[in-house]
Amino acid sequence: MARVTLGHGSGGELTRRLIHDVFLKHLPDPELGRLGDAAVLPREGLPGGGSLAFTTDSYVITPLEFPGGDIGHLAVCGTVNDLAAAGARPLWLTAGWILEEGLPLDLLERQVASLAATAEAAGVRVVAGDTKVVPHGLADGLYINTAGLGWVPPGRLLRRESVQPGDAILVSGTLGDHGMAVMLARQGMRLQTNLVSDAAPLNELVERLFAAGVPVHWLRDATRGGLGGVLCELAETRPYGVRVEATALPVRPEVEAAAELLGLDPLFVANEGKMVAVVPGDQAEAALTAWRAHPHGTQAAQVGVITEERPGQVLLRTAYGGARVLRLPAGELLPRIC
Amino acid sequence: MSGASSYRNPPVVAGLLDRVRRLAVGRAPLRFMEFCGGHTHAIAEYGLRSLLPDNVRLSSGPGCPVCVTASGEVDAAIALAARPGVTVATFGDMMRVPGTAGSLSDARASGADVRVVYSPRDALEIARACPAAEVVFLGVGFETTAPVVAAAVLEAEASGVSNFSVLSLHKLTPPAMRAVLDAGEVRLDGIIGPGHVSAVLGSEAWGFLPRDYRLGCAVAGFEPTDVVSAVVALVEMVAGEEPAVVNAYGRAVTAAGNRVALQMLEQVFAPADREWRGLGFVPNSGLQLRPEYADWDAGLRFDIRPSSAPEPPGCRCGEVLRGVIEPRQCPLFGRACSPASPVGPCMVSSEGACAAHYSEAEEQ
Numbered sequence: 296m297a298r299v300t301l302g303h304g305s306g307g308e309l310t311r312r313l314i315h316d317v318f319l320k321h322l323p324d325p326e327l328g329r330l331g332d333a334a335v336l337p338r339e340g341l342p343g344g345g346s347l348a349f350t351t352d353s354y355v356i357t358p359l360e361f362p363g364g365d366i367g368h369l370a371v372c373g374t375v376n377d378l379a380a381a382g383a384r385p386l387w388l389t390a391g392w393i394l395e396e397g398l399p400l401d402l403l404e405r406q407v408a409s410l411a412a413t414a415e416a417a418g419v420r421v422v423a424g425d426t427k428v429v430p431h432g433l434a435d436g437l438y439i440n441t442a443g444l445g446w447v448p449p450g451r452l453l454r455r456e457s458v459q460p461g462d463a464i465l466v467s468g469t470l471g472d473h474g475m476a477v478m479l480a481r482q483g484m485r486l487q488t489n490l491v492s493d494a495a496p497l498n499e500l501v502e503r504l505f506a507a508g509v510p511v512h513w514l515r516d517a518t519r520g521g522l523g524g525v526l527c528e529l530a531e532t533r534p535y536g537v538r539v540e541a542t543a544l545p546v547r548p549e550v551e552a553a554a555e556l557l558g559l560d561p562l563f564v565a566n567e568g569k570m571v572a573v574v575p576g577d578q579a580e581a582a583l584t585a586w587r588a589h590p591h592g593t594q595a596a597q598v599g600v601i602t603e604e605r606p607g608q609v610l611l612r613t614a615y616g617g618a619r620v621l622r623l624p625a626g627e628l629l630p631r632i633c
Numbered sequence: 092m093s094g095a096s097s098y099r100n101p102p103v104v105a106g107l108l109d110r111v112r113r114l115a116v117g118r119a120p121l122r123f124m125e126f127c128g129g130h131t132h133a134i135a136e137y138g139l140r141s142l143l144p145d146n147v148r149l150s151s152g153p154g155c156p157v158c159v160t161a162s163g164e165v166d167a168a169i170a171l172a173a174r175p176g177v178t179v180a181t182f183g184d185m186m187r188v189p190g191t192a193g194s195l196s197d198a199r200a201s202g203a204d205v206r207v208v209y210s211p212r213d214a215l216e217i218a219r220a221c222p223a224a225e226v227v228f229l230g231v232g233f234e235t236t237a238p239v240v241a242a243a244v245l246e247a248e249a250s251g252v253s254n255f256s257v258l259s260l261h262k263l264t265p266p267a268m269r270a271v272l273d274a275g276e277v278r279l280d281g282i283i284g285p286g287h288v289s290a291v292l293g294s295e296a297w298g299f300l301p302r303d304y305r306l307g308c309a310v311a312g313f314e315p316t317d318v319v320s321a322v323v324a325l326v327e328m329v330a331g332e333e334p335a336v337v338n339a340y341g342r343a344v345t346a347a348g349n350r351v352a353l354q355m356l357e358q359v360f361a362p363a364d365r366e367w368r369g370l371g372f373v374p375n376s377g378l379q380l381r382p383e384y385a386d387w388d389a390g391l392r393f394d395i396r397p398s399s400a401p402e403p404p405g406c407r408c409g410e411v412l413r414g415v416i417e418p419r420q421c422p423l424f425g426r427a428c429s430p431a432s433p434v435g436p437c438m439v440s441s442e443g444a445c446a447a448h449y450s451e452a453e454e455q
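Note that the protein sequences, when read in sequence, are chains A and B. Position 3, counted from 1, in the first sequence is what this note's numbering calls 298; the numbers after and before it change by one each time, with no gaps. Position 58, counted from 1, in the second sequence is what this note's numbering calls 149; the numbers after and before it change by one each time, with no gaps.
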């Protein structure tokens with residue numbers, strides 16, 4: 296099996312071949328193909344007015360390929376969704392690849408192809424890139440960093456200061472699918488399920504909200520830390536509280552079962568294809584209708600409201616009429632002894 | 092979340108709570124102890140505490156395995172992990188439990204090989220895959236986890252895996268229950284008996300509660316209906332002045348317990364005196380590997396024995412574990428001690444009384 300060697304990072308003939316035979320083969324953008332030191336992008340590509348949104352994220356995941364996705368797919372979804380959550384239309388991405396010596400070349404090629412396919416699906420161009428090879432043992436197979444630039448049309452002002460009591464909190468679908476699928480795919484877990492990661496680009500979903508005329512107050516993609524993490528961030532130090540209804544949370548039965556077995560709370564398990572939106576209460580139905588008409592939003596639901604009570608806190612009302620306060624988990628999610 | 096299963100049926104829970112209210116009306120304050128950390132967690136998870144009438148209170152007992160692991164035991168595990176060539180495998184929630192100088196998580200950050208596993212068999216698999224490593228499984232937990240550890244030791248013996256061993260810190264629950272009651276520090280009106288532990292031991296194991304202490308015991312599962320049904324049973328026993336052991340978890344627990352698990356425990360382990368955080372040394376409250384299985388005893392193999400170590404200054408986990416104070420009565424609660432920076436173990440595990448109370452909504 297052909298593998299990545301330190302020679303692939305030398306800058307010589309092997310590097311040239313790797314770039315042409317693996318990267319450019321799948322990433323056809325002419326600006327990338329120019330192999331310049333920087334992508335030079337015409338201003339005409341950028342609509343007038345509005346603002347620019349610029350973000351970066353690094354992708355580190357075990358296993359590199361998991362049910363429902365892989366690191367190449369994730370590296371586009373994560374950055375595109377960060378831009379989308381800022382109200383931006385993603386335009387351009389860069390991709391930096393850190394390869395561990397010994398990585399099978401066919402695995403690498405699958406990731407490049409996956410990244411390219413997801414970028415195309417999201418309508419975003421990959422215009423610059425970089426590769427480095429590190430000696431065996433100094434990385435975990437493959438890391439990818441992507442940076443993304445997007446355009447925010449005029450009038451989209453998404454900030455916590457716009458959120459007010461009476462607003463509705465919406466989530467675009469089921470919770471914890473990605474985190475639980477990856478956890479179960481890791482070596483050592485012998486649970487058999489049909490769970491797949493929800494990793495998906497959500498920029499279209501966000502555009503649907505604005506197209507429906509919903510005056511969105513705040514958006515966040517609920518990745519690490521899950522919906523619970525997003526809600527804690529939403530409430531922190533703000534003059535309003537957040538109330539969530541446990542019975543309204545969309546959770547697949549298999550996620551609920553696996554989470555319970557491992558002693559985890561699906562509210563805090565990662566997603567890679569779920570957007571949280573805060574919209575005026577009377578716009579909740581319009582927003583949900585817009586989302587549910589899109590394949591990534593069929594399970595969209597209102598999960599809570601912004602309240603005047605308990606400023607700064609997130610209160611979860613249980614199905615039994617009791618309540619508990621949601622707080623950020625202290626660190627990594629660790630299973631309980633049973 | 093669906094909450095649709097029959098054990099999570101809100102109208103059924105509401106009906107049971109109503110029954111508690113009717114039975115308790117006009118009574119002097121009643122105080123029941125949920126022995127098990129799993130119940131503490133469930134009570135907080137479903138917000139049940141605030142739904143009980145004011146004169147029915149629940150206190151947590153010493154049934155959170157992480158919480159009762161003594162500082163000295165954590166120190167021993169860390170010392171083991173620091174040995175060159177040793178890999179320590181542990182259940183996840185031991186990672187952040189503070190010893191006298193840091194936790195296993197800190198040890199891992201300093202370069203020790205500490206791995207989170209989901210079962211002792213995973214540790215055995217690591218030993219098989221890395222024959223050059225000495226893999227030590229931290230045997231933490233009660234009668235529930237100990238049989239699985241015994242099974243791993245038997246499997247290691249049968250398949251000749253010699254680089255696997257167990258640091259047995261296992262503890263037994265009935266002696267701890269007695270220790271809490273014998274201390275005479277708390278007045279209780281009944282005990283919610285541990286569900287999983289009783290699935291192994293059998294509900295008869297709690298027969299000493301009505302017999303020796305005139306206390307009712309309701310063995311319960313971990314769903315909302317289970318917990319509230321147990322409270323109903325306990326209030327009924329108080330009302331009828333007939334303490335007994337009621338098995339309210341019949342779908343998992345029998346009177347005599349799980350014979351296979353008990354036999355495996357008996358074969359591999361022997362009772363030993365053990366130090367509990369909060370309770371001190373309790374005679375015959377722990378499990379050590381029998382001499383026949385000395386080859387798999389990490390304590391012997393590496394000559395490491397937990398020694399008594401002081402608790403963190405100001406930490407009142409001990410009193411919380413004995414039910415003497417409620418978590419919010421500890422001056423550190425929510426100030427110096429929170430789940431993000433726990434001083435004591437009861438704030439670490441989500442089964443710990445302090446972490447559970449921290450997540451419960453205070454009346455406003």
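Backbone N, C-alpha and C fix where the C-beta goes; we use that ideal spot for every residue, glycine too.
Query: Alpha carbon of B/A168 to alpha carbon of B/G443, nearest angstrom; Result: 20 Å
Query: 8 Å Cβ cut-off: residues of chain A touching B/S450; Result: R619, V620, L621 and R622
Query: The alpha helix (DSSP H) enclosing B/A170, as first and last residue numbers; Result: S162 to A173
Query: In chain order, each alpha helix (DSSP H) run of at least 4 residues that lies wholly inside the region 269-357 of chain B; Result: 286-292, 299-304 and 315-331
Query: Cross-chain neighbours of A/Y634 in chain B, by beta carbon under 9 Å; Result: For residue 634 of chain A there is no data in the structure shown, the boundaries of chain A being 296 and 633.
Query: Environment of B/P156 [buried if 16+ CB atoms lie within 10 Å]; Result: buried
Query: Own chain, CB closer than 7 Å to B/N100, minus 5 neighbours either side, in chain order; Result: T316
Query: Supposed close pair B/V271, B/G414 - CB separation, criterion 8 Å; Result: 7 Å
Query: Run of the beta strand (DSSP E) containing A/L583, from where it starts to where it stops; Result: Careful: A/L583 lies outside any beta strand (DSSP E), inside the alpha helix (DSSP H) at A579 to R587.
Query: Cα-Cα separation between B/N375 and B/P362, rounded to whole angstroms; Result: 5 Å
Query: Distance between B/G163 and B/E225 (C-alpha atoms, nearest Å); Result: 22 Å
Query: Cα-Cα separation between A/E308 and A/L330, rounded to whole angstroms; Result: 15 Å
Query: Touch test, the region 556-575 of chain A against the region 470-480 of chain A, Cβ-Cβ under 8 Å, three pairs minimum; Result: yes
Query: Residue nearest to A/A595 in terms of C-alpha spacing, selected from A/L403, A/A614 and A/V501; Result: A/V501
Query: Helix, strand or coil at A/D332 according to DSSP, with G and I counted as helix; Result: coil
Query: As assigned by DSSP and simplified to three states, the class of A/R269; Result: Any question about residue 269 of chain A goes unanswered here, given that chain A covers just 296 to 633.
Query: Under the three-state DSSP convention, the category B/F233 falls into; Result: coil
Query: 7 Å CB neighbourhood of B/L139 in its chain, flanking five on each side removed; Result: P315, V318 and V319
Query: Neighbour-count burial assignment, A/C633, 16 or more Cβ in a 10 Å radius; Result: With a pLDDT of 47 at A/C633, under the threshold of 50, the modelled position of that residue is not reliable, and the figure given next carries that caveat. Buried, since its Cβ has 16 or more Cβ neighbours within 10 Å.
Query: Per-residue burial, B/R82 [other beta carbons within 10 Å of its own, 16 or more giving buried]; Result: The structure shown has nothing for residue 82 of chain B, since chain B only spans 92 to 455.
Query: Min CB distance A/A625 to chain B below 8 Å; Result: yes
Query: For B/Y449, the three-state DSSP class (helix, strand or coil); Result: helix
Query: Within the region 350-427 of chain A, ranges of the beta strand (DSSP E) (whole runs, at least 3 residues); Result: 384-395
Query: Extent of the continuous beta strand (DSSP E) run through B/S366; Result: The amino acid at residue 366 of chain B is misidentified as Ser; the sequence shows Glu. Note, B/E366: beta strand (DSSP E), F360 to W367.
Query: Under 7 Å (Cβ pairs) to chain A, residues found in the region 412-445 of chain B; Result: P430, A431, S440, S441 and E442
Query: Selected residue, minimal CA-CA separation from A/E540, among A/L403, A/L522, A/A554 and A/R533; Result: A/L522
Query: Secondary structure of A/E603, DSSP reduced to three states; Result: coil
Query: DSSP state of B/R112 mapped onto helix, strand, coil; Result: helix
Query: Beta-carbon proximity of A/V447 to A/E326, cut-off 8 Å; Result: no
Query: Cβ neighbours of A/E634 in the same chain (closer than 7 Å, five flanking residues each side left out); Result: The displayed coordinates of chain A run from 296 to 633. Any statement about residue 634 of chain A would go beyond what the structure contains.
Query: Proximity to A/C527 [Cα-Cα], best of A/T542, A/G508, A/D577 and A/I601; Result: A/I601
Query: Residues of its chain near B/G106, where Cβ-Cβ distance is below 8 Å and the 5 sequence neighbours each way are ignored; Result: none
Query: Neighbour-count burial assignment, B/C406, 16 or more Cβ in a 10 Å radius; Result: buried
Query: For A/T441: DSSP bridge partner residues; Result: A/D352 and A/A390
Query: Among B/P436, B/M355, B/P397 and B/L378, the one whose alpha carbon lies nearest that of B/L412; Result: B/P436
Query: Minimum Cβ-Cβ distance from A/C633 to chain B less than 8 Å; Result: Confidence is the limiting factor: at A/C633 the pLDDT is only 47, short of 50, which leaves the residue's position unreliable, though a coordinate-based value still follows. Yes - at least one Cβ of chain B is within 8 Å of the one on A/C633.
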